[in-house]
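**Q** The numbers in full-length UniProt numbering rise by one with no breaks, and the one at position 44 of the sequence shown is 44.
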Amino acid sequence: MTDEAGPFVDARDVTVRYGDLTAVDGVDLTAAKGQVVGLVGPNGSGKTSLLECVEGLRRPAGGTIRVGGFDPAADRTRMTRIAGVQLQQLVYPPRATVEELCRLFASFYPDPADHRELLDRFGLTGQRRSQVVKLSGGQQQRLSLVLALLNNPQVVFLDELTNGLDPRPGGWSGTTCAAATTRASPS
Numbered sequence: 001m002t003d004e005a006g007p008f009v010d011a012r013d014v015t016v017r018y019g020d021l022t023a024v025d026g027v028d029l030t031a032a033k034g035q036v037v038g039l040v041g042p043n044g045s046g047k048t049s050l051l052e053c054v055e056g057l058r059r060p061a062g063g064t065i066r067v068g069g070f071d072p073a074a075d076r077t078r079m080t081r082i083a084g085v086q087l088q089q090l091v092y093p094p095r096a097t098v099e100e101l102c103r104l105f106a107s108f109y110p111d112p113a114d115h116r117e118l119l120d121r122f123g124l125t126g127q128r129r130s131q132v133v134k135l136s137g138g139q140q141q142r143l144s145l146v147l148a149l150l151n152n153p154q155v156v157f158l159d160e161l162t163n164g165l166d167p168r169p170g171g172w173s174g175t176t177c178a179a180a181t182t183r184a185s186p187s
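Structure (structure tokens):
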């Protein structure tokens, strides 16, 4: 585990290459428990590539990464217990309902959150029995947040969070809730 005063996410001198193309060149990223950090940059600037490394989905060409004190790529099992991930794009089974997807994802974790509470928090209770394909883009994005939070994560990685979300103030309540889950674990 990490020192409570130190960073929970600690990425140092991370480099990502795709053949001869260097997508991420010596980037540092740190975040303490309870801190919200955003990566801002133009399309193709390496934000998703860096996140994939921090999430343990891709090994960097260089640098070191620790999340909760361990290498996320080396210990995927541990990483899935402490991290929630909302990917830039997800393809859901078209005939699956919101409820079915929530139950499926919850079955992956030993102590999942109550998906009904998460659906309520993100304004999707009324869509529980709807097929995912019939949801609006914003509703699908909020569903991806619900699925990312089902494992009661200590840290949440959100890639392109605002795609499809309503820009009006009421539509941003999900963003605040997602950020609030990046918290110190109760001990």
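Quick reminder that beta carbons are idealized off the backbone N, C-alpha and C, glycines included. These numbers were taken from a predicted model, which means no experiment stands behind them.
#1: Is the Cβ-Cβ distance between Gly84 and Leu149 less than 8 Å?
#2: Tell me whether the stretch 25-42 and the stretch 92-105 touch, counting them as touching only if at least three CB pairs, one residue from each stretch, are closer than 8 Å.
#3: Any contact between the stretch 70-83 and the stretch 149-160? By contact I mean 3 or more CB pairs, one from each, below 8 Å.
#4: Could you tell me which residues DSSP pairs with Asp20 in its beta bridges?
#5: Near Arg58, what residues of its chain come up, given a Cβ to Cβ distance below 6 Å and the 5 sequence neighbours on each side ignored?
#6: Based on Cα-Cα distance, which residue from Arg78, Arg129, Arg17 and Leu87 lies nearest to Cys102?
#7: What's the call for Leu21, buried or exposed, on a 16-neighbour Cβ count within 10 Å?
#8: Going by DSSP in three states, Phe105 sits in which element: helix, strand or coil?
#9: With Asp28 and Ala11 assumed to form a contact (beta carbons below 8 Å), what rounded beta-carbon distance in angstroms separates them?
#10: Can you list, in chain order, the residues of its chain with a C-beta nearer than 8 Å to that of Thr97? Leave out the 5 residues immediately preceding and following it.
#11: Could you spell out where the beta strand (DSSP E) holding Leu158 opens and where it closes?
#12: Suppose you measure from the CA of Leu158 to the CA of Phe105; what does that come to, to the nearest Å?
#13: Taking the C-alpha atoms as reference points, what is the distance between Thr2 and Gly56?
**A** To lay it out plainly:
#1: Translated into the one-based positions of the sequence shown, residue 84 becomes position 84. Translated into the one-based positions of the sequence shown, residue 149 becomes position 149. Their beta carbons are under 8 Å apart, which means Gly84 touches Leu149 by this criterion.
#2: Touching, no, given that fewer than three Cβ pairs across the two stretches are closer than 8 Å.
#3: Yes, they touch.
#4: Taking the first residue of the sequence shown as position 1, residue 20 is located at position 20. DSSP, once it has assigned bridges, lists no residue as partnering Asp20.
#5: Here residue 58 corresponds to residue number 58 of the sequence shown, with the count starting at 1. A distance below 6 Å between beta-carbons, with the five flanking residues on each side excluded, links Arg58 to the following residues of its chain, in chain order: Glu52.
#6: Numbered from 1 along the sequence shown, position 102 holds the residue referred to as residue 102. The shortest C-alpha separation from Cys102 is found at Arg129.
#7: The count along the sequence shown starts at 1 and reaches residue 21 at position 21. With fewer than 16 other Cβ atoms inside 10 Å of its own Cβ, Leu21 counts as exposed.
#8: The sequence position of residue 105 within the sequence shown is 105, counting from 1. Helix.
#9: Looking up residue 28 in the sequence shown gives position 28. Looking up residue 11 in the sequence shown gives position 11. Yes, they are in contact, since the Cβ atoms of Asp28 and Ala11 sit about 6 Å apart, within 8 Å.
#10: Mapped onto the sequence shown, residue 97 falls at position 97. When the five nearest sequence neighbours on each side are left out, the beta carbons in the same chain lying within less than 8 Å of the beta carbon of Thr97 are those of Arg128, Arg129, Ser130, Gln131 and Val132, in order along the chain.
#11: For this step, residue 158 is matched to residue 158 along the sequence shown. In the DSSP assignment, Leu158 falls within the beta strand (DSSP E) that extends over Val155 to Leu158.
#12: Working through the sequence shown from its first residue, we reach residue 158 at position 158. Working through the sequence shown from its first residue, we reach residue 105 at position 105. About 17 Å.
#13: The residue you call residue 2 lines up with position 2 of the sequence shown. The residue you call residue 56 lines up with position 56 of the sequence shown. Only weak support exists for where Thr2 lies, its pLDDT of 47 falling under 50; the value from the coordinates is given anyway. Taking the Cα positions, Thr2 is about 17 Å away from Gly56.
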